[in-house]
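Trainee: So for the sequence shown, this note's numbering puts the first residue at 154; every next one is plus one.
Here it is: the structure, laid out below.
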Amino acid sequence: MVYEPPAIYGIIGNPVAHSLSPVMHNAAFKALKVNAVYKLFPLADRQELKLFMEDLKEADNPIFGLNVTVPYKEDVLQYLDSIDPLADKMGAVNTLVIDHQRKIHGFNTDGPGFLSHLADINFDLSGKRVAILGAGGTARAIISVLCMLPQGPKSITLYNRSRANAQALVEEVGKKIKTGIVTIVDDIQGLNIELADLLINTTNVGMKESDPLLIDPGFLHKDMLVYDVIYMPRETKLLAQARLKKARTVNGLGMLFFQGVLAFWHWSDVELDERVKKVMRKSLEEVNHGS
Ligand SMILES: NC(=O)c1ccc[n+]([C@@H]2O[C@H](COP(=O)([O-])OP(=O)(O)OC[C@H]3O[C@@H](n4cnc5c(N)ncnc54)[C@H](OP(=O)(O)O)[C@@H]3O)[C@@H](O)[C@H]2O)c1
């Protein structure tokens, strides 16, 4: 038998050690009996990113697909040979496909992954009032897709600790996507959580035990969905308070799963069957169970 080295996939970013993507993608490779492995590629700075991306072009490089995470989702744009129209509109890429000519193609599956998760839990966004906490990369992906939906939300209120970052996000996204439904508010009260159908936390706040609750839980109510993009811990303080108020709650594990399924589809050009998706989801839930 001739030894065939495995095709390499992986995630680039800083940090990447905490990523659950290897668990999910390696489970899929195993289930499909594909000779491939998904690895972590920590890149300390932009210089390391530059060298890594240049090396990706080399004919003998065995890497055929990558995820991109913070802080490089925008930095990788300059190294692409082509960009998917959605990723271009969003101005950020989280998935790279490297073809056999070593051309690099960029996609974004974060926003679509979020929408797929909402569809999976049967949450209909049309005409809804959405309140968003945070204006980083995840907020950018979510706001972009929400604003592009033909039958999307009625309104989006956006609060961020640094107003200037929220302003910059809306201005940048607004260059290619209509953002007329988005209103930036100056304080948390301005989010009008008591009237919202969907509250999304896109900040890092809630990952640490010592993190504060950013909102007044008195405004949470039973007719809303509270979505926290954090998946570790499985139940943040925000989700725990929302559960006490009988709101519907959901963490970010589903978004992670669906963005991964969509990335895999870009790499393989094959839609994953339900059996493999189940294996991927189970692998994530098992790893996340203790948190
Ligand atoms: N479920 C998934 O698939 C998925 C995917 C991607 C990311 N995530 C999670 O999403 C979270 C955010 O990631 P990101 O890539 O969007 O990060 P990011 O680009 O660094 O943005 C972080 C956001 O959190 C805000 N923030 C940070 N610390 C804060 C504090 N102490 N008080 C108030 N606001 C604070 C920042 O506000 P300023 O602008 O004021 O700094 C910014 O709006 C992380 O927990 C990440 O793990 C989940």
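In this text, a Cβ means the ideal position worked out from N, Cα and C, and glycines have one as well.
In this text, all values refer to a predicted model and were calculated from it rather than measured experimentally.
Can you give me the start and stop residues for the beta strand (DSSP E) that Val402 sits inside?
Mentor: It is worth fixing the name first, because residue 402 is Thr in this sequence and not Val. Thr402 -> beta strand (DSSP E) spans Arg401 to Val403.
Trainee: Relative to the C-alpha of His442, which candidate in Met408, Lys398 and Pro386 has its C-alpha closest?
Mentor: Of Met408, Lys398 and Pro386, the residue nearest in Cα terms is Pro386.
Trainee: Quick one: grab the DSSP three-state call for Ile274.
Mentor: Reduced to three states, the DSSP call for Ile274 is coil.
Trainee: Give me, in chain order, the residues of the same chain whose beta-carbon lies closer than 7 Å to that of Thr355; leave out the 5 immediate sequence neighbours on both sides.
Mentor: Result list for Thr355: Ile285, Leu286, Gly287, Gly289, Thr291, Ala292, Ile295 and Val382, in chain order.
Trainee: Where does Ala160 fall in DSSP's three states?
Mentor: Note: Ala160 maps to strand in three-state DSSP.
Trainee: How many whole angstroms separate the CB atoms of Asp364 and Lys390, which I take to be in contact at a CB cut-off of 8 Å?
Mentor: Contact holds; Cβ gap of about 7 Å.
Trainee: State buried or exposed for Lys399, treating a residue as buried only when at least 16 other CB atoms are found within 10 Å of its CB.
Mentor: So Lys399 counts as exposed.
Trainee: Does the Cβ-Cβ distance between Gly166 and Val221 come in under 8 Å?
Mentor: Yes, Cβ-Cβ distance for Gly166 and Val221 is below 8 Å.
Trainee: Leu348 and Gly305 look like a contact to me (Cβ under 8 Å); what is the Cβ gap, rounded to whole Å?
Mentor: About 17 Å; that fails the 8 Å criterion.
Trainee: Helix, strand or coil for Arg428, going by three-state DSSP, please let me know.
Mentor: Three-state DSSP puts Arg428 in a helix.
Trainee: Rounded to whole angstroms, what is the Cα-Cα separation between Leu233 and Phe372?
Mentor: Between Leu233 and Phe372, the C-alpha separation is close to 45 Å.
Trainee: State the DSSP-derived secondary structure class of Gly343, mapped to helix, strand or coil.
Mentor: Of the three classes helix, strand and coil, the one that applies to Gly343 here is helix, per DSSP.
Trainee: So, are the CB atoms of Phe410 and Ala181 less than 8 Å apart?
Mentor: No, they are not a contact pair.
Trainee: Since Arg255 is in the alpha helix (DSSP H), which residue starts that stretch and which ends it?
Mentor: No alpha helix (DSSP H) holds Arg255; DSSP gives it neither H nor E.
Trainee: Sorry if obvious, but does the Cβ on Ile383 come closer than 7 Å to a heavy atom of ligand 1?
Mentor: At least one heavy atom of ligand 1 is nearer than 7 Å to the Cβ of Ile383, so yes.
Trainee: Helix, strand or coil for Tyr232 per DSSP?
Mentor: Tyr232: helix per DSSP, three-state reduction.
Trainee: Whole angstroms is fine: what's the gap from Cys300's alpha carbon to Val155's?
Mentor: Taking the straight line from one Cα to the other gives about 52 Å.
Trainee: Which ranges would you report for the alpha helix (DSSP H) in the stretch 184 to 236 if only whole runs of at least 4 residues count?
Mentor: Those alpha helix (DSSP H) runs which fall completely within the stretch 184 to 236 and span 4+ residues are 199 to 209.
Trainee: For ligand 1, is there a heavy atom less than 7 Å away from the beta-carbon of Met408?
Mentor: At least one heavy atom of ligand 1 is nearer than 7 Å to the Cβ of Met408, so yes.
Trainee: Which residues does DSSP pair with Leu351 in a beta bridge?
Mentor: Answer by DSSP bridge pairing, in chain order: Val283 and Leu378.
Trainee: Which whole-angstrom value describes the C-beta separation of Phe276 and Met408, a residue pair presumed to lie in contact below a C-beta threshold of 8 Å?
Mentor: Not confirmed; about 12 Å, so no contact.
Trainee: Taking the C-alpha atoms as reference points, what is the distance between Asp426 and Gln412?
Mentor: Computed Cα separation, rounded: 15 Å.
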